[in-house]
Each structure stands twice: as structure tokens, then as C-alpha cells.
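> Before anything else, here's the structure in question.
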Amino acid sequence: MTEPAADPALSGTQVAILDAYAGLIEELGSDDVSNRVIARRAGIAERTVFRNYPTRVDLLLATAAWIEATVFAREESHSIFDIPLAIREAMQRYDARPELAHVVAETAMRGVSGAAPSPGRAQLERLLDAEVPSLDAAQRTAVIAALSHLDSVGAWVTFRREFAMDRRDIADAAAWAAEAVLDSIRNRVAP
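Going by UniProt numbering, the sequence shown opens with residue 1, and the numbers climb by one from there.
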């Protein structure tokens, strides 16, 4: 549930670096790309990559966030009950760009400091508080945790790698699971 626009704080050089790196990841099927190759693709000097992203972790975090905000951007949902459709669409987008999806997922799953494992959590909390304010803290946490997990590129990777599911089955399973989570609170919607 990332915001639909890229980070406005990024400079043109940073966008060129991130775009070049993401393109190379897709072409080569790996995030193990030298800064020299990234710089060449971006049309800048290698030291410019280092100036903007001093460590590999900095580059990986920035690239994962940029991919989430640009390649996998989505419109904000207006209702908590629209989330299953948003999850279905997100799973299809991840499946269309698997190399980039893996980079985003692995960055979050590696536990790299600075990675946002559930970037849409704040939106889910706002929607749930507005539509179903009667939930107690434990119920609220359970719904948010379940939807945050389902609405993640990590869930897509799990469905793909561990269950060898195809695009349609992944989208169906994730959306169905989100519906099941929400079914338990449908009768508690505020008037």
C-alpha cells in the first residue's frame, strides 16, 4: 500500500541510479550488480553512485523503496473492505515483475535496518479505525497484522516459491484470505 508517487526528495541523479539498478536487476536476474555497471547505465561516474549511496545496504534500501513507490505503486483504498481487491491487483503486479518483487521482499525479509516490512500498515489502521471503531485492541491488532502480511510482496514470494502457485492462484488465494479476515468484522461496521 505504498503511495502512488515516487519520493519527491530524490534528486534526478538518484532516480537515474535507482532506475538503472532496477533495470539491471530485471535484466540479470540478480541484485549482485557492480556500482561500475550501475553508473555506466545511469550515465554518471562510479563515484557518484558511492556519494549518493555509500553502502550496498543504502543502495538496496533506496532501490526497494523506489520500486515499491513507482513500479508497484497503487491507488489508495477508500474502504477497508476494498483491500482484498487491492491485494489481488498487487499480487498480479508482483507476478508481472518477479525479479523486482524478489528484491523488495528480500530487503524487508532480511531485516535490514531501515526496511519497511509493512509499508501499508498506517493506511490499514486509518481505514479500520474509521469504519470499524468498535474493535478492541486485540481484534484490531489481529486484523491489521493479517492484512499487512497478506498485502506484502513477501506473501507473494511465499506463494510463488513455497507453493509453486501461478499468477491467478496467488491473486485468488491472497484476496480470499483477506476476505476471510474481513468477514469476521463486517457486522461491526459503524453506521
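We treat Cβ as the ideally placed atom computed from N, Cα and C, and that holds for glycine.
These numbers were taken from a predicted model, which means no experiment stands behind them.
(1) Starting from the C-beta of L150, find all residues in its chain whose C-beta is less than 7 Å away, skip the five residues before and the five after it, and write them out in chain order.
(2) Suppose only complete runs of 4+ residues qualify. What are the alpha helix (DSSP H) ranges in the segment 157-190, listed by chain order?
(3) DSSP state of L61, grouped into three classes?
(4) With 16 as the cutoff for other CB atoms within 10 Å, does R160 come out buried or exposed?
(5) Can you tell me where the alpha helix (DSSP H) holding R41 begins and where it ends?
(6) Taking the runs of the beta strand (DSSP E) that are 3 residues or longer, which of them lie wholly in the segment 113-155?
(7) Can you list, in chain order, the residues of its chain whose CB lies under 6 Å from that of A5, leaving out five sequence neighbours each side?
(8) Output needed for A64: all residues of its chain with C-beta closer than 8 Å, excluding positions within five of it in sequence on either side, in chain order.
(9) When burial is assigned at 16 or more other CB atoms within 10 Å of the CB, is E68 buried or exposed?
(10) Alpha helix (DSSP H) containing F50: first to last residue?
(11) CB-CB under 8 Å to M165, same chain, minus the five flanking residues each way: which ones, in chain order?
(12) Just to confirm, is the Cβ distance from V157 to A101 under 9 Å?
(13) Using only CA atoms, which one of A73, R74 and Q14 lies nearest to D58?
(14) Does A45 pass the burial test, meaning 16 or more other C-beta atoms within 10 Å, or should it be called exposed?
(15) Taking just the CA atoms, how far does V132 sit from R188?
With the given structure in hand:
(1) Residue 150 sits at position 150 when you count from the first residue of the sequence shown. If the five residues before and after L150 are omitted, its C-beta is found closer than 7 Å to the C-beta atoms of I87, A174, A177 and A178, all from its own chain and listed in chain order.
(2) 167-183
(3) On the sequence shown, residue 61 is found 61 positions in, with the first residue counted as 1. In this structure, L61 counts as helix in the three-state DSSP scheme.
(4) Taking the sequence shown and counting its residues from 1, one reaches residue 160 at position 160. It is buried - the Cβ of R160 has at least 16 other Cβ atoms within 10 Å.
(5) To locate residue 41, count along the sequence shown from 1; it is residue 41. Note, R41: alpha helix (DSSP H), N35 to A42.
(6) none
(7) Position 5 of the sequence shown, counted from the start, is the residue given in the question as residue 5. Confidence is the limiting factor: at A5 the pLDDT is only 44, short of 50, which leaves the residue's position unreliable, though a coordinate-based value still follows. Contacts found: none.
(8) Counted from its first residue, the sequence shown places residue 64 at position 64. The residues are V103, V104, T107, A108 and A115.
(9) Counting from 1 along the sequence shown, the entry for residue 68 is found at position 68. That one is buried.
(10) Taking the first residue of the sequence shown as 1, we reach residue 50 at position 50. Its alpha helix (DSSP H) spans residues E46 to N52.
(11) Position 165 of the sequence shown, counted from the start, is the residue given in the question as residue 165. Correct list, in chain order: F159 and A173.
(12) By 1-based counting over the sequence shown, the position of residue 157 is 157. By 1-based counting over the sequence shown, the position of residue 101 is 101. Yes; because the gap between Cβ atoms is below 9 Å, this pair is in contact.
(13) Along the sequence shown, one-based indexing puts residue 58 at 58. Considering only alpha carbons, the answer is Q14.
(14) Here residue 45 is taken as the residue at index 45 of the sequence shown, counted from 1. Classification for A45: exposed.
(15) Within the sequence shown, numbered from 1, the residue matching residue 188 stands at position 188. Within the sequence shown, numbered from 1, the residue matching residue 132 stands at position 132. Approximately 6 Å between the Cα atoms of the pair.
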